[in-house]
Structures are given as C-alpha cells and as structure tokens.
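Input: a single structure, listed below in structure tokens.
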C-alpha cells in the first residue's frame, strides 16, 4: 500500500499557544512597571474589553479593512485603555505601547503546553513511516503576530504567509517546523468560513509546485489527493469550519472534560440553557440601545425534535417492557410524592382523581426523616484558584484507570467536604450527589431550541467513602462513570421512551435534599461574564438565584478576563447547608487544597 500525503494544520490561540497570564493582568503588570499605579485590575479589565470592542467596530479586522494595520490598531487599544485611568496632568509613558506590543508578539506574553514544541519539531522526522509527504500549517483567527510568537517559542517558522509576497520556493526542503500561515487578518474571513481553509489548500499547491517543479494549476489538482487534517479546540469554529471545507477535524480536550463528541461540543462551544436566554436578552438590549425596531430572533419550539430521539415506538398503546426496565436501571432517583409515607411535613393533599386508598406507588417514598426543613440554612461562596483546581485535578488522576476531568475533581471534592461537614465519616449508608446534566448536545439540539433538556442523575457511594480524604480518585471516578452511563445515547433514548408513558410525571422527583443528598447545578462554560447588554461593559459578578435549602450547590466559573477554559480564572462554588454544618465546612483543613506556590511561601 502506497504512503499518503498529509496536510496537517493547527489553530493557534488555545491550541498551540495561550496567554502566560490573563491578558488584562499582563497589561496591568507592564503599566505598573512603566510608572502607572493608580488603578485597579478590575477597572483596567473593564476598560480594555470595552476599548477592543469599540476599536473593532471602528477599524474591523485589526485595522486591515481601513488600512490602519495591526500595529497601529493595538497601539490605539493601548492608548484608549489607559487614558481614562490617568489622573489629572498625568501622561501616558512613552514606552508603554512598545513594551506591550513586543510582549504580545513574543514568548513574554504566551506559553505552550509542556512538550508541545518538541513534539512539533519531531513531526516531520517521525512522519516518514506513515506519510510520503507532510506539510504543516497554521490556520487561525488572528492578526499578523502568530509567526513571531511561534518563532520566539523555539519553532522554525517559514516566511510563507497567505496574502504576502513571500516565495514558496523557500519551502523547497523540509527544514521548517511550520511551513505556512493563513491568518484571518490576511485572508479577510474568519473560521468557521470555509474560505480560510481553501486558502490553506492554495498555499499547499504553491508548496507542491515549488518542490515538484510542476505548474501551479497542476499542483492545485494534486491537492485533492492529499489527506487534510485540522486540529483545534473550538467546536463551532474549528470542527464545523474544517468539516464544511472537506477536512478531517480533530477537537482537543486539554482539560479532559469530555467522553464524547457531544460532550466536547457542549464544553468547547455551546452555552447552557440559562446563558442562551441571557444571550437572547443581551441581543434584544443591544438592538434596543441602537434604536433598531426590527429585532430578529429565531427560537424554535418543536417538541417532536425530542420525540424522534426516543427508542422504540412511542405511539404504541403500551411501553416496551425491555426499554422501560432499561430506563429504571439507570442511576436516577424515582421519589414518588404520592407513595404511602411520602407526605411532606406540611399540609399536602393528592389531587383528584388520584386521591384513592389503592393508589399504586410508582417510586420510592420521600425520605423526609433525613431533611429537617426547619433548620437554619447558611450560605457561603467558596473560590478556588486556577492552581487549586489543578491540584485537585492532579490528585484525582493519581492512580486512576481513566482520565478524569477538572469538573469531576471539583465536584468530587466539594461533595466530600460537605459529607465530612455533616459528620458522616463512619456512616456506611449511601450519600447521594444529585447532579443536573444538560443533554442538549447529546440530542443534537442547537442553541435556538426552546426548552430545558436536562436530566438529574444519582451519583452514589457509601458516605464513609465519600468522606475519606485519601479517596478522591474513587469519588471522582464515580462521578465520571455515572456521567458516562447517563450520557450514553442508548440509555438516553430508553429514558425518553419511558418518560413518554409516565401517567403522572409531576409525582416523580429525581432528587432530594437534607442529610444524605446534595443537589448540584453546574454553570461551567456558561459564558456569563462575556455577555454585553450593549453598554460596552461586562458582568462583574454573577450569582444564581436558588432556594435556600439544605444541600443546594452551584458550581460556576469565576469572574475575570475572558479565557479559553472555564477554570482559567478559578471556580466559585455556592453552597447552602445547615448553619452548624457550614461552621464545620469552613473549618475543614483540606477545603482549600495546598498548591506548590503555597508551599513555597511557607518555607
């Protein structure tokens, strides 16, 4: 079998490189080195975001469309960001803009994953066993800084760049780690527009022509025989764009958040239900502030889109027994409000015509004895830094037979801390983490679909095991395995089939609260801090409005500069539990994990 030829291209930001520190934090650091000190990081971040938006409207595509150019564009951003922060009579330091421009065009401002540069350098030397020819390129939504950044990080970068007068003959030999660049700044369109991928194919044709001596037209016809692979970290831009262009996409999951492409789509691009509603709200607000009378939103309310995903024949008179049993075997609670012994500790009456002595139970009785609804509830918000999250993640993966995500580790940790706060260290009975899980990506429902397609799963272990401080791997693994079971399309379709035949779905509750339960909602990657209502400002802090009940937990990304990964600014966790349990929780010595930087400070 003859060897194939491969065109392998990478996204830049979030895939090959990332900011060494949050961009606003680096701006503040350089400004203070230049003598500007009388401002807060929060003021700077808000001004920077607003200035970039204004400059983008005034001079699109980093100034390329108006002839301004990227260097002048960023200089304007720097000047207009810091000018409002100056005090009376204070001038901008002359070296501020040059220093920031240099920083963000070099390794001063960016870093890579450990070992990435060596891996890229070894690509071509190791490819000969599998491919006859390998060409490596970069396709990215950015201005023209990428080649200099990659070069400063240690890669050998070709001068070949779309839209410039660079000579393809310089790539005649395989001496470069990166053979060419296609940047949206030069192309004029951004991913997911397939035209940016078409320009990469044109660059490949130039390289083929230079290396083979054939004409450019002959080389263009050969491009179709090459295998084309694109590696990125954003589903909506990288996967959708490259697929539409006829390429083979590879979507990175750098934080091990996902088990499937559906999960990757959820974590790497799609906001959840609440954030989608906020986005609609923000869109209406922006249009109203601009004085636009015609606001075009296209939400879709079509329950049949969900019906089609159910297994079996949901129009049959009776449910399929096999599918019904499969659904009942899933890790989900079935608490029956109307079952004997389920009456809550307040006046309650089963509605007619169901209120009869021989009413058949369809689930377990509510365990009201475990929940003292009269107890005083205390609320706390716990902030875990990016480094603390990384420490939890690393610890959870030690000895694990599978890769566990940061979300697995964070959820397992707070679940364990609450179990200890409730004094369950010697309790062998089950302790439940009732997790709300969005299945929109699993059902292939886009963001315009109205509704809240979610399920509640029961992550369950003996309380003593959840409490054990040395047991983080097992607890996080139980989180991961339960998620795998629930997210399996085969199981979800059976669950939908069973739901179709529920005679009184309002009587079933798939969660509970009190001593043996926590009810967890996650806003990871909701993007709430990036929503603009048209005022040129961003949300400073967001908090969920939830009932103050014993066991309610909300996990969400922390405020800070817009970033690629939901943990880059740390994680905030809102916890509602009994006041005496909260006192024990805040005193837990392992609530906030010790990081390497903490250890250095104590030496």
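Residue numbers (this note's numbering): 591 to 1193.
Even for Gly, the Cβ is constructed at its ideal location relative to N, Cα and C.
None of these values were measured; they are calculated from a predicted model.
Query - Counted within 10 angstroms of its Cβ, other Cβ atoms place residue 891 as buried (16 or more) or exposed - result: exposed
Query raised in the report: When DSSP labels each residue in this structure, what does residue 631 get in the three-state scheme?
Result: helix
Query raised in the report: Given that a residue counts as buried once 16 or more other Cβ atoms are within 10 Å of its Cβ, and exposed if not, what is residue 938?
Result: exposed
Report task. Have a look at residue 648 and residue 682 and give me their C-alpha separation to the nearest angstrom. Result -> 22 angstroms
Query raised in the report: What separation, rounded to the nearest whole angstrom, lies between the Cα atoms of residue 641 and residue 671?
Result: 6 angstroms
Query raised in the report: Which class does residue 614 belong to by DSSP, given the choice of helix, strand or coil?
Result: helix
Query raised in the report: Are there 16 or more other CB atoms within 10 angstroms of the CB of residue 996, so buried, or fewer, so exposed?
Result: buried
Report task. Can you tell me which of 927, 673, 1024, 1157 puts its alpha carbon nearest to the alpha carbon of residue 1116? Result -> 1157
Query raised in the report: Measuring CA to CA, which of 1027, 1001, 1018 is closest to residue 1055?
Result: 1018
**Report entry** Same chain, Cβ closer than 6 angstroms to residue 918, neighbours up to 5 away in sequence not counted
**Finding:** Once the five neighbours on either side are set aside, residue 918 has no close Cβ partner at all.
Query - Sequence ranges, alpha helix (DSSP H) only - wholly within the stretch 767-801, length at least 4 - result: 774-777
**Report entry** DSSP bridge partner residues for residue 1159 (one or two, in chain order)
**Finding:** For residue 1159, which the question treats as bridged, DSSP gives no partner whatsoever.
Query raised in the report: Straight-line CA distance for residue 726 to residue 598?
Result: 5 angstroms
Query raised in the report: Count the other CB atoms within 10 Å of the CB of residue 862; is the residue buried (16 or more) or exposed (fewer)?
Result: Low per-residue confidence applies at residue 862: pLDDT is 46, beneath 50, and the placement is therefore not dependable enough to give any value.
**Report entry** Which listed residue (796, 1111, 798, 1148) has its alpha carbon closest to that of residue 1137
**Finding:** The candidate whose alpha carbon is nearest that of residue 1137 is 1111.
**Report entry** Three-state secondary structure (DSSP) of residue 816
**Finding:** In the structure shown, residue 816 falls within a coil segment according to DSSP collapsed to helix, strand and coil.
**Report entry** Proximity below 8 angstroms, CB of residue 894 to CB of residue 1183
**Finding:** no
Query raised in the report: Nearest CA to the CA of residue 984: which residue from 971, 1043, 1003?
Result: Considering only alpha carbons, the answer is 1003.
Query raised in the report: Does the beta-carbon of residue 936 have 16 or more other beta-carbons within 10 angstroms, so that it is buried, or is it exposed?
Result: exposed
Query raised in the report: Cα separation between residue 948 and residue 1166?
Result: 38 angstroms
Requested in this report: Indicate whether residue 768 and residue 743 have their beta-carbon atoms separated by less than 8 angstroms.
Outcome: Between residue 768 and residue 743, the CB-CB gap reaches or exceeds 8 angstroms.
Query raised in the report: So residue 561 is in the alpha helix (DSSP H); what residue range does that whole segment cover?
Result: No answer is possible for residue 561: it lies beyond the span of the chain, which begins at 591 and ends at 1193.
Report task. Could you work out which residue in 661, 1140, 731, 1178 is closest to residue 965 when comparing CA atoms only? Result -> 1140
Query - C-alpha gap between residue 837 and residue 596, whole angstroms - result: 11 angstroms
Query - Buried versus exposed, by CB contacts within 10 Å (16 or more), residue 669 - result: exposed
Query raised in the report: Going by DSSP, what residues sit across from residue 595 in a beta bridge?
Result: 723
Query - Spatial neighbours of residue 756 in its chain, beta-carbon cut-off 6 angstroms, leaving aside the 5 residues before and after - result: 749, 750
Query - Beta-carbon proximity check, residue 1011 vs residue 1171, cutoff 8 angstroms - result: yes
Requested in this report: Measure the C-alpha to C-alpha separation of residue 944 and residue 927 and round it to an integer number of angstroms.
Outcome: 12 angstroms
Query raised in the report: What are the boundary residues of the alpha helix (DSSP H) that includes residue 1172?
Result: Taken as a continuous stretch (DSSP letters only), the alpha helix (DSSP H) holding residue 1172 covers 1169-1176.
**Report entry** Any non-hydrogen atom of the ligand COA closer than 7 angstroms to residue 1092 Cβ
**Finding:** You won't find the ligand COA in this model; it holds no ligand whatsoever.
Query raised in the report: Would you report the Cα separation of residue 1120 and residue 1106, rounded to the nearest angstrom?
Result: 36 angstroms
Query raised in the report: Under three-state DSSP, which class holds residue 944?
Result: coil
Requested in this report: Classify residue 1194 as helix, strand or coil using the three-state DSSP reduction.
Outcome: Residue numbering for the chain in the displayed model covers 591 to 1193; residue 1194 lies beyond these limits and cannot be assessed.
Report task. Just confirm the distance between the C-beta atoms of residue 1047 and residue 956, as a whole number of angstroms; I'd bet it's less than 8 angstroms. Result -> Going by Cβ atoms, the distance from residue 1047 to residue 956 rounds to 19 angstroms, so no, they are not a contact pair.
Query raised in the report: Do the CB positions of residue 610 and residue 701 come within less than 8 angstroms of each other?
Result: yes
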